[in-house]
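Below: the structure, in structure tokens.
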Amino acid sequence: MHRYSHLFWGLMLLVTPGADAAAEKVYDQRSLYSRVVVNRNDHIYCLQFSVQLNLRNQSCINKRKPRKLIFEYTKMAMASLLFTPEPKAILVVGLGGGTLPMAFTRLFPEAHIDAIEIDADVVKVAEQYFEFRSDEKIAVHIRDARVWTKRALRGARRYDLIFLDAFNGEYIPEHLMTREYLQETQALLAPGGTLMANTFAVSDLYDHESATYADVFGGFINFAVVQTANRMITVAPAVEDEILRERATALRATLRPYDVPIRRYARQLIRLRNKAPDWDTEARVLTDQFSPANLLRNRR
Amino acid sequence: MAQRTLSALINSILFVTRGFETLGVQRLKNPHPRRYFCDFFYAFTHAVCRLRPDVTILTYILAFGGGFAIMSLELLGGKVMAPYFGNSIYVWGSIITVFMLSLSIGYLLGGRLSVRTPSYVRFGSIFVIAGGLLFPLILFADAIMDLVFGWIEDPRYGSLVAATGLFMIPTIILGMISPYSVRLLVDSVAHSGQTAGRLYFVSTLGSAIGTLATSFYFVLHFEINSILSALTSLLLLLGASAITASRLRHA
Numbered sequence: 006m007h008r009y010s011h012l013f014w015g016l017m018l019l020v021t022p023g024a025d026a027a028a029e030k031v032y033d034q035r036s037l038y039s040r041v042v043v044n045r046n047d048h049i050y051c052l053q054f055s056v057q058l059n060l061r062n063q064s065c066i067n068k069r070k071p072r073k074l075i076f077e078y079t080k081m082a083m084a085s086l087l088f089t090p091e092p093k094a095i096l097v098v099g100l101g102g103g104t105l106p107m108a109f110t111r112l113f114p115e116a117h118i119d120a121i122e123i124d125a126d127v128v129k130v131a132e133q134y135f136e137f138r139s140d141e142k143i144a145v146h147i148r149d150a151r152v153w154t155k156r157a158l159r160g161a162r163r164y165d166l167i168f169l170d171a172f173n174g175e176y177i178p179e180h181l182m183t184r185e186y187l188q189e190t191q192a193l194l195a196p197g198g199t200l201m202a203n204t205f206a207v208s209d210l211y212d213h214e215s216a217t218y219a220d221v222f223g224g225f226i227n228f229a230v231v232q233t234a235n236r237m238i239t240v241a242p243a244v245e246d247e248i249l250r251e252r253a254t255a256l257r258a259t260l261r262p263y264d265v266p267i268r269r270y271a272r273q274l275i276r277l278r279n280k281a282p283d284w285d286t287e288a289r290v291l292t293d294q295f296s297p298a299n300l301l302r303n304r305r
Numbered sequence: 002m003a004q005r006t007l008s009a010l011i012n013s014i015l016f017v018t019r020g021f022e023t024l025g026v027q028r029l030k031n032p033h034p035r036r037y038f039c040d041f042f043y044a045f046t047h048a049v050c051r052l053r054p055d056v057t058i059l060t061y062i063l064a065f066g067g068g069f070a071i072m073s074l075e076l077l078g079g080k081v082m083a084p085y086f087g088n089s090i091y092v093w094g095s096i097i098t099v100f101m102l103s104l105s106i107g108y109l110l111g112g113r114l115s116v117r118t119p120s121y122v123r124f125g126s127i128f129v130i131a132g133g134l135l136f137p138l139i140l141f142a143d144a145i146m147d148l149v150f151g152w153i154e155d156p157r158y159g160s161l162v163a164a165t166g167l168f169m170i171p172t173i174i175l176g177m178i179s180p181y182s183v184r185l186l187v188d189s190v191a192h193s194g195q196t197a198g199r200l201y202f203v204s205t206l207g208s209a210i211g212t213l214a215t216s217f218y219f220v221l222h223f224e225i226n227s228i229l230s231a232l233t234s235l236l237l238l239l240g241a242s243a244i245t246a247s248r249l250r251h252a
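If you read the protein sequences in the order shown, they are chains A and B.
Counting the first sequence from 1 gives a position; the numbering used here is that position plus 5.
Counting the second sequence from 1 gives a position; the numbering used here is that position plus 1.
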């Protein structure tokens, strides 16, 4: 068991904005895939996929400062720009509130963004409450990500940035956590592109998932922020330390409205990319033939 | 002396397992020396040597195995198809539709086949053929799904066509087991409902256990193709035992 696990639940409750008793429920519908809830706390709206045990929010927006990123993992996603500073095509798997596509389209109005979301109700809620808009630059595909990916492989488009964020915290789509799926996604990544996956930090699944990513990508940066127990598996091109620092400094002003501590992230990434694996490297790799992710997650 | 010891041993096993008589098995009395092998085998399975009613237990075991295989296969179907068609409700809709349709056709064909000269060789052959037809699923599933995926864009109809291609034929054959086993065991009109009820009980129990074992335990430890190979082996073994029993009977 790795070092963040004991911090996880306690910290989750402390750092989750909008999860307190003052929140007012403004939307609560059972969709085909989960229960979609929107809570409003003053001018902060948060999206949840289940209210059981006050589970963590998926996405939040501050209506007075819509650019400001609230969750650590969305801020961490911006660190991808240190490795791939000029993305022209971006793929986001799992829309949530649409925070990431909106942030990237504001930063790079010319970039083409594909967002994949299985649940039509989530897209509706993102548009209604989270200021998400699809247009000629942002395309939303309401489809299973695996099916969409297989189809996309037959097309010509490749992506400079890929974000995998398809797990809502309760049920894991097991066919999106296998070696074959990651290989297909890897084939969609353009040369010099960066892939980030928001993943599980607790349970036996940590070992299996890490081993699977390591198997496909040869290695990755285990981009984890201790304070929030978030972990972004980061597959990035080799960029010298000095260039990362320069880019962080250059991005600092641009990213200020988004509240992204980009220079701190650069330091952490430089430190973390030489760190030895903290997972069981002998753990069995998940494949289409062997993918009991939901059963493994319940083991600790 | 040896003969008496063996008789005693067989009768003691029969005594222990006499509870099975509630399922319609008659105990073998005074085993004949020529049939020791058969009688010993019988003692374990209550089934193998005499076609009626001694094979009753074997028939129930086969019906159980058939039910087990059907539901285990159906559950694995979702896993097999997820990489191409996802895990959405319509994929399960396709799989369940194909299985129900195939079983209904299988019932019709199995009933029809049982009308003339029913035999345990034919009954066993159903299992052997079903087992053999699972092999293409292990070898060519990806090729078939790749073809369908390229051909049909809508994952609903894609999954329906793929499920048909992958599971329809073996499931039709597996569906033939139930009516055929009813024909083999029914010996009077008065007890026909009771016999059919027992067979449904046993085969549906097999289905329940097949579902549970596959979804709770098999997928946690084994690859899908390993489980499919085991199901194939199970069906071949069951078929071979029915054919062997019949051969021993007529030897």
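Even glycine gets a Cβ: it sits at the ideal position worked out from N, Cα and C.
- By the Cβ test, the region 80-87 of chain B is in contact with the region 146-156 of chain B, since at least three Cβ pairs between them sit closer than 8 Å.
- Taking a contact as a CB-CB distance under 8 Å, the pair ILE225(B) and LEU77(B) counts as one, their CB atoms being some 6 Å apart.
- The shortest CA-to-CA distance from PHE54(A) to any of THR259(A), ILE118(A) and SER39(A) is the one to SER39(A).
- Chain B has a Cβ within less than 8 Å of the Cβ of GLN294(A).
- Per DSSP, the unbroken beta strand (DSSP E) holding THR239(A) starts and ends at 235-240.
- Residues of chain A with a Cβ closer than 9 Å to the Cβ of PRO156(B) are, in chain order, ARG148, ASP149 and VAL152.
- With contacts defined by Cβ atoms closer than 8 Å, LEU158(A) and LEU96(A) do not form a contacting pair.
- Short of 8 Å from the beta carbon of ILE228(B), and not among the five residues preceding or following it, lie these beta carbons of its own chain, in chain order: SER73, LEU77, THR215, PHE219 and VAL220.
- Listed by position along chain B, the residues whose Cβ is nearer than 9 Å to that of LEU87(A) form an empty set, because the closest Cβ is around 33 Å away.
- Contact check between the region 175-184 of chain B and the region 152-161 of chain B: fewer than three CB pairs, one atom from each, fall below 8 Å, which does not count as touching.
- Within 10 angstroms of the beta-carbon of PHE217(B) lie fewer than 16 other beta-carbons, which makes it exposed.
- Within the region 168-185 of chain A, those residues whose Cβ lies closer than 8 Å to any Cβ of chain B are, in chain order, PRO178, GLU179, HIS180, THR183 and GLU185.
- In the DSSP assignment, TYR186(A) falls outside any beta strand (DSSP E) and within the unbroken alpha helix (DSSP H) covering 184-193.
- One Cα belongs to TYR78(A), the other to LYS80(B), and the distance between them is close to 30 Å.
- Minimum Cα-Cα distance from PHE228(A) among the listed residues TRP153(A), ARG276(A) and SER296(A) corresponds to ARG276(A).
- Under the three-state reduction of DSSP output, PRO196(A) falls in the strand class.
- Of all C-beta pairs linking the region 108-119 of chain B to the region 229-239 of chain B, fewer than three are shorter than 8 Å, placing the two stretches out of contact.
- The beta-carbon separation of SER139(A) and VAL145(A), rounded to 5 Å, stays under the 8 Å limit for a contact.
- Around the Cβ of ALA243(A), a 10 Å sphere holds fewer than 16 other Cβ atoms; the residue is exposed.
- Spatial neighbours of ARG257(A) in its own chain (CB-CB distance under 7 Å, excluding positions within 5 residues in sequence) are listed in chain order as ILE267 and ARG268.
- Sequence-distant Cβ neighbours of LEU74(A) in its own chain, meaning closer than 7 Å and more than five residues away, are LYS80, THR104, ALA108, TYR263, ASP264 and VAL265.
- The Cβ atoms of GLY207(B) and GLY111(B) do not sit closer than 8 Å to each other.
- In the three-state DSSP reduction, TYR38(A) falls in the coil class, being neither helix nor strand.
- Sorting ALA255(A), ARG261(A), THR286(A) and VAL231(A) by C-alpha distance to the C-alpha of PHE88(A) places ALA255(A) at the top.
- With its beta carbon at least 8 Å from every one in chain B, PRO92(A) lies outside the interface.
- It is roughly 15 Å from the alpha-carbon of ASP293(A) to the alpha-carbon of ALA144(B).
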